[in-house]
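Shown next, in structure tokens, is the structure this report addresses.
Residue numbers (full-length UniProt numbering), protein chains in the order written: chain A, 1 to 86; chain B, 1 to 81.
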């Protein structure tokens with residue numbers, strides 16, 4: 001069974017990974033949506049809409065891949081257990 | 001307890017400095033391209049200042065949308081907020 005210290009470590013790792021994801025998302029959406037001429041200091045309408053969609057899509061892809069990875073690793077585990085039983 | 005508070009503040013300070021370095025790097029790369037003079041000219045300064053303002057507005061917007069997403073997610077999963 002997991003100890004309190006281990007649970008704590010898992011929680012910390014989750015926070016760390018979440019902020020890493022957030023940082024990557026921000027960088028990716030900046031690259032995709034923000035023009036680099038910087039003629040003005042306001043976000044243009046187009047940039048703002050692009051950012052909104054970019055965040056939604058990034059999180060969607062993140063979630064979908066997470067589900068796939070989870071099912072893949074569960075499939076692997078099941079296969080390994082089958083092998084061990086033979 | 002004091003150690004915990006210190007850790008939190010150090011982490012916040014570290015995050016701030018990292019962001020600062022990142023935005024400086026991005027805005028320098030985007031705005032400064034000519035090296036005929038050793039001083040930052042008016043155009044480059046304006047560009048860098050717009051770049052910073054825009055970066056702050058961008059991160060604010062991204063953060064809002066992210067928070068909305070998290071909120072909807074936790075409501076959908078029935079987790080207490």
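Glycine included, each C-beta is placed from N, C-alpha and C at the ideal position.
Predicted model, so just to flag it, every value in this text is computed and none were measured.
Neighbour-count burial assignment, residue i, 16 or more Cβ in a 10 Å radius
i, result
"residue 10 of chain B", "exposed"
"residue 20 of chain B", "exposed"
"residue 81 of chain B", "No answer about residue 81 of chain B holds up, because its pLDDT of 48 lies below 50 and its placement is not dependable."
"residue 13 of chain A", "exposed"
"residue 34 of chain B", "exposed"
"residue 65 of chain B", "buried"
"residue 47 of chain A", "buried"
When the options are compared against residue i, the one with the closest alpha-carbon
i, options, result
"residue 55 of chain B", "A/63, A/56 and A/42", "A/42"
"residue 26 of chain B", "B/49, B/77, B/66 and B/67", "B/49"
"residue 57 of chain B", "A/82, A/14, A/78 and A/44", "A/44"
"residue 35 of chain A", "B/72, B/46, B/51 and B/40", "B/51"
"residue 50 of chain A", "A/37, A/33 and A/65", "A/33"
"residue 53 of chain B", "A/73, A/4, A/6 and A/38", "A/38"
Whole-Å CB distance - residue i paired with residue j, under 8 Å assumed
i, j, result
"residue 55 of chain A", "residue 25 of chain A", "7 Å"
"residue 28 of chain A", "residue 58 of chain A", "6 Å"
For residue i, the first and last residue of its enclosing alpha helix (DSSP H)
i, result
"residue 73 of chain B", "42–76"
"residue 24 of chain A", "4–33"
"residue 70 of chain A", "45–85"
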